[in-house]
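**Q**
2 protein chains.
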Amino acid sequence: MLHNEAAFRASLSRQTAVTAICQAIAGWIERGELTYNDRLPAERLLSGQFATTRITLREALGQLEARGMIYREERRGWFVSPPRIVYNPLQRSHFHAMAREQGRKPATEVLDAAKISGPAAICAHLALPAHSPVFCIRRIRRIDGRAVLYVEHYLNPAYFPAILQEDLTSSLTELYATRYAIHYGKVRFAMLPTTFPAPASQALKVADNSPALFITRINRDQYARIIDCDLEYWRYDALHIDVEVE
Amino acid sequence: MLHNEAAFRASLSRQTAVTAICQAIAGWIERGELTYNDRLPAERLLSGQFATTRITLREALGQLEARGMIYREERRGWFVSPPRIVYNPLQRSHFHAMAREQGRKPATEVLDAAKISGPAAICAHLALPAHSPVFCIRRIRRIDGRAVLYVEHYLNPAYFPAILQEDLTSSLTELYATRYAIHYGKVRFAMLPTTFPAPASQALKVADNSPALFITRINRDQYARIIDCDLEYWRYDALHIDVEVE
DNA sequence: GAGTGGTCTAGACCACTGG
DNA sequence: CAGTGGTCTAGACCACTCC
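Keeping their order, the protein sequence lines are chains A and B. So the mapping is simple: our numbering equals the position in the first sequence, first residue as 1, plus 2. So the mapping is simple: our numbering equals the position in the second sequence, first residue as 1, plus 2.
#1: Assign ILE118/A to one of two classes, buried (16 or more other C-beta atoms within 10 Å of its C-beta) or exposed (fewer than that).
#2: Going by C-alpha to C-alpha distance, which of ASP223/A, ASP40/A, ALA68/A, GLN204/A sits closest to LEU297/A?
#3: Quick one: residues in its chain with C-beta nearer than 7 angstroms to the C-beta of LEU4/B, no 5 flanking neighbours on either side, listed in chain order?
#4: Does DSSP put TYR152/A in a helix, in a strand, or in coil?
#5: Quick check on DSSP: helix, strand or coil for TYR73/A?
#6: Going by DSSP, name the residue or residues bridged to ALA195/A.
#7: ARG69/B versus chain A: which residues are under 7 angstroms apart at the beta carbon?
#8: Let me see if you follow: with CB-CB separation under 7 angstroms, is LYS188/B close to chain A or not?
#9: Starting from PHE81/A, find everything on chain B with Cβ-Cβ shorter than 7 angstroms and list it in chain order.
#10: Terminal residues of the continuous alpha helix (DSSP H) containing SER49/B?
#11: If you draw a straight line from the alpha carbon of TYR38/A to that of GLU76/A, how long is it in whole angstroms?
#12: Put HIS5/A into one of helix, strand or coil per three-state DSSP.
#13: Residues in the region 204-218 of chain B with C-beta within 8 angstroms of chain A's C-beta atoms, listed in sequence order?
#14: Within the continuous beta strand (DSSP E) that includes ARG78/A, where are the two ends?
#15: First and last residue of the beta strand (DSSP E) that includes SER119/A?
#16: Sorted by chain position, which residues of the same chain lie with C-beta nearer than 6 angstroms to ILE139/A's C-beta, five sequence neighbours on each side aside?
#17: Go to PRO201/B, then tell me how far its alpha helix (DSSP H) extends in each direction, as first and last residue.
#18: Let me make sure I understand the geometry here. Which of LEU241/A, LEU215/A, PRO91/A has the alpha-carbon closest to that of GLY187/A?
#19: How should GLU111/B be labelled, buried or exposed, when 16 other C-beta atoms within 10 angstroms of its C-beta is the threshold for buried?
#20: How many Å lie between ARG148/A and VAL88/A at the Cα?
#21: Check whether the Cβ of TYR235/B lies closer than 7 angstroms to any Cβ atom in chain A.
#22: So what does DSSP say about ARG29/B, is it helix, strand or coil?
#23: Could you work out which residue in VAL247/A, ARG237/A, GLU246/A is closest to PRO324/A when comparing CA atoms only?
#24: Do we get a CB-CB distance below 7 angstroms when we pair GLN17/A with the residues of chain B?
#25: Please tell me whether ALA209/B and THR197/B are closer than 7 angstroms, where the distance is taken between their beta carbons.
#26: At the level of alpha carbons, what is the spacing between THR58/B and VAL20/B?
#27: For ASP244/A, go through chain B and note every residue whose CB falls closer than 7 angstroms to its CB, in chain order.
#28: For LEU48/A, which option in MET71/A, GLY34/A, ARG33/A, GLY79/A has the closest C-alpha, if you only look at C-alpha atoms?
#29: Determine the chain B residues that contact ARG86/A at a beta-carbon separation under 7 angstroms, and present them in chain order.
#30: Between which two residues does the beta strand (DSSP E) containing ILE87/A stretch?
#31: LEU157/B by DSSP, collapsed to three states: which one?
#32: Relative to the alpha-carbon of PRO199/B, which residue among ALA183/B, ARG86/B, ASP223/B, PHE216/B has its alpha-carbon at the smallest distance?
#33: Could you check whether ARG106/A and ASP146/A sit closer than 7 angstroms to each other, using their CB atoms as the reference points?
#34: Taking only beta-carbon atoms, is VAL153/B less than 7 angstroms away from chain A?
#35: If you follow the alpha helix (DSSP H) that HIS127/B is in, where does it begin and where does it stop?
#36: Give me the Cα-Cα distance between ALA312/A and PRO135/A, rounded to the nearest whole angstrom.
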């Protein structure tokens, strides 16, 4: 099959402008000339350096983004991706502890928290009748200053009276334990790659079409009661999932 | 903050050519005017229909691809994505059974199978000394004819004498059970989003920069011995991970 | 061989960020 | 307000697929 042979050679030796640019920039990062969270030079500058157009340059940047080597902040520029956080969704999530164990600096911001009429899908997760009242807490989480996670927590209000008056900036896990004597038990989670929904991309300052890892967790307590569920949208280059069953 | 207000309004009401095209094509799919694995009209045709350039049109197609609504085959065109396969990596993987349970048609192709000197990383996974001989089986898997998975299996040869002479097109799980009386026990898996490596993109006929879900599984048998590990590269729009611990 | 997607050029204007 | 990224135009040639 000469056709396939030719295709194969081409795919091996193909040296398009885009791949050349990718290799050059990847080289800067590997050799440490650019490090974590450093900003790349402006697109017009780079396209000049590589003697090409912005369109072509942006194609290359998009490929490096897809590989998780760089990321962008809406209208601010391109940055070198820091190492991924190793995350086991089956463990009781304690974001701050997890980050610190890996030598990273965590931070949490509460966007808002309210009692709402639960959307049908959420109530189904919580095993409640549709439109039941639920607590909704929306937060974003940072690693080393970079916003990596937009999360909506939905709580069964029966188990957490007056929790909206508490300080929701710290760990919910801890709050559950100290204030309500509720501990996480079994977890179920689902995960699929998509893009950020509008509220998430706004909060994280990413382009609203950029890819994300969407993780749903349904959490039970020590009595196997469903106590809450999380809808998590992660920057997809921030995560390394690692699951080991005990 | 007038700045933020303006930004917010813009982001809500923004109706760029790209988003308009996305909505139009998404509408075709939602209304069933295009269904699973249908090919979209040619790019030049579409760009004419939307009175725009191919660059802009391709931007829109790229966004729909990121959402998992459409996919492309290298130089063949754009197609409507079929529903995702629900996959629990903690369960003993039986690809064919899993697909059939979900009403899909599975297929497997063996690319090659050989005894090789194990790369260091693989030997570490298998708890073998570096460069130990291992069996390497490379396969691709299809759902309803669409190649969705490129996988490299690495087997500890001590447990599977002469397995390379067997028919490797069917389930390894079954082969292990019937021929070697070995059954899967505990599993560990890691997962991270990246892009396809060259051999995978070639085998699956995807652009070599396109995003993929990279899943590593390390499998133990009923005696908790590590028997094999899999390096799986999935089309990222083909999967819906769902993990429930027993 | 016709038509397709993959790549690329050489510009332009706008909306936003940051000093 | 200068500079940036986001968006868009109107073309072009090449390598490949499919008939």
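Cβ coordinates follow ideal geometry from the N, Cα and C atoms, glycine included. Nothing here was measured: the structure is a model prediction, and the numbers come from that model.
**A** Taking the geometry as given:
#1: Mapped onto the first sequence, residue 118/A falls at position 116. So ILE118/A counts as exposed.
#2: No information on residue 297/A is available, as it lies outside the stretch 3 to 248 that chain A covers here.
#3: Taking the first residue of the second sequence as position 1, residue 4/B is located at position 2. Its pLDDT being 32, under 50, LEU4/B is placed unreliably in this model, and the value from its coordinates should be taken loosely. No residues qualify anywhere along the chain.
#4: Here residue 152/A refers to the residue found at position 150 of the first sequence. Secondary structure at TYR152/A: strand, using DSSP grouped into helix, strand and coil.
#5: Looking up residue 73/A in the first sequence gives position 71. Strand.
#6: In the first sequence, the residue the question calls residue 195/A occupies position 193. Just to set this straight, residue 195/A is Pro in the shown sequence, not Ala. PRO195/A is bridged to LEU215/A.
#7: By one-based count along the second sequence, residue 69/B stands at place 67. Here the neighbours are THR196, THR197.
#8: Here residue 188/B is taken as the residue at index 186 of the second sequence, counted from 1. For LYS188/B, the answer is yes, since a Cβ of chain A falls inside 7 angstroms of its Cβ.
#9: Here residue 81/A corresponds to residue number 79 of the first sequence, with the count starting at 1. Result: empty, since nearest Cβ-Cβ is about 18 angstroms, beyond 7 angstroms.
#10: On the second sequence, position 47 is the one that residue 49/B refers to. 45-51 is the span of the alpha helix (DSSP H), which, as asked, contains SER49/B.
#11: On the first sequence, position 36 is the one that residue 38/A refers to. On the first sequence, position 74 is the one that residue 76/A refers to. Rounded to the nearest angstrom, the two C-alpha atoms are 18 angstroms apart.
#12: In the first sequence, counting from the first residue as 1, residue 5/A sits at position 3. No answer about HIS5/A holds up, because its pLDDT of 36 lies below 50 and its placement is not dependable.
#13: Here the close residues are GLN204, ASP210, ASN211, SER212, PRO213, LEU215.
#14: Here the question's residue 78/A lines up with position 76 in the first sequence. It is not in any beta strand (DSSP E) - ARG78/A carries neither H nor E in the DSSP assignment.
#15: Against the first sequence, residue 119/A aligns to sequence position 117. Start and end: 108-119.
#16: The sequence position of residue 139/A within the first sequence is 137, counting from 1. Short of 6 angstroms from the beta carbon of ILE139/A, and not among the five residues preceding or following it, lie these beta carbons of its own chain, in chain order: ALA115, HIS155, LEU170.
#17: Position 199 of the second sequence holds residue 201/B. First-last of the alpha helix (DSSP H) with PRO201/B: 200-206.
#18: If you number the first sequence from 1, residue 187/A lands on position 185. In terms of Cα proximity to GLY187/A, the closest of LEU241/A, LEU215/A, PRO91/A is PRO91/A.
#19: Here the question's residue 111/B lines up with position 109 in the second sequence. Classification of GLU111/B: exposed, given that the 10 Å Cβ count is below 16.
#20: Taking the first residue of the first sequence as position 1, residue 148/A is located at position 146. Taking the first residue of the first sequence as position 1, residue 88/A is located at position 86. Approximately 16 angstroms, taken between the alpha carbons.
#21: Sequence index remark: in the second sequence, residue 235/B carries index 233 (1-based). No, its Cβ sits nowhere closer than 7 angstroms to a Cβ of chain A.
#22: Position 27 of the second sequence, counting from 1, holds the residue named residue 29/B. Strictly speaking, residue 29/B in this sequence is Gly, with Arg absent from that position. Helix.
#23: Residue 324/A cannot be examined here, being either before or after the span of chain A that is shown, 3 to 248.
#24: Within the first sequence, residue 17/A is the residue found at index 15, counting from 1. Chain B, which has no Cβ nearer than 7 angstroms to the Cβ of GLN17/A, makes this no.
#25: Along the second sequence, read from residue 1 onward, the residue named residue 209/B stands at position 207. Along the second sequence, read from residue 1 onward, the residue named residue 197/B stands at position 195. No, the Cβ-Cβ distance between ALA209/B and THR197/B is not below 7 angstroms.
#26: Locating residue 58/B in the second sequence gives position 56, counting from the first residue. Locating residue 20/B in the second sequence gives position 18, counting from the first residue. Distance between the alpha carbons of THR58/B and VAL20/B: 6 angstroms.
#27: The count along the first sequence starts at 1 and reaches residue 244/A at position 242. At a C-beta separation below 7 angstroms, ASP244/A has these neighbours in chain B: ALA192.
#28: In the first sequence, the residue the question calls residue 48/A occupies position 46. The shortest CA-to-CA distance from LEU48/A to any of MET71/A, GLY34/A, ARG33/A, GLY79/A is the one to GLY79/A.
#29: Taking the first sequence and counting its residues from 1, one reaches residue 86/A at position 84. Under the 7 angstroms cutoff, chain B gives LEU194.
#30: Residue mapping note: residue 87/A aligns to position 85 of the first sequence, counting from 1. Unbroken beta strand (DSSP E) run through ILE87/A: 87-89.
#31: On the second sequence, position 155 is the one that residue 157/B refers to. In the three-state reduction of the DSSP assignment, LEU157/B falls in the strand class, which pools E and B.
#32: For the purposes of this step, residue 199/B is identified with residue 197 of the second sequence, where counting begins at 1. Selection ALA183/B, ARG86/B, ASP223/B, PHE216/B evaluated against PRO199/B yields PHE216/B as nearest (Cα-Cα).
#33: Walking along the first sequence from the start, residue 146/A turns up at place 144. Walking along the first sequence from the start, residue 106/A turns up at place 104. One thing to note: ASP146/A has its Cβ within 7 angstroms of the Cβ of ARG106/A.
#34: Counting from 1 along the second sequence, the entry for residue 153/B is found at position 151. No - not a single Cβ of chain A is within 7 angstroms of the one on VAL153/B.
#35: Walking along the second sequence from the start, residue 127/B turns up at place 125. Membership of HIS127/B in the alpha helix (DSSP H) is indicated by the continuous run 122-128.
#36: With chain A represented from 3 up to 248, any question about residue 312/A goes unanswered, as that position is not in the structure.
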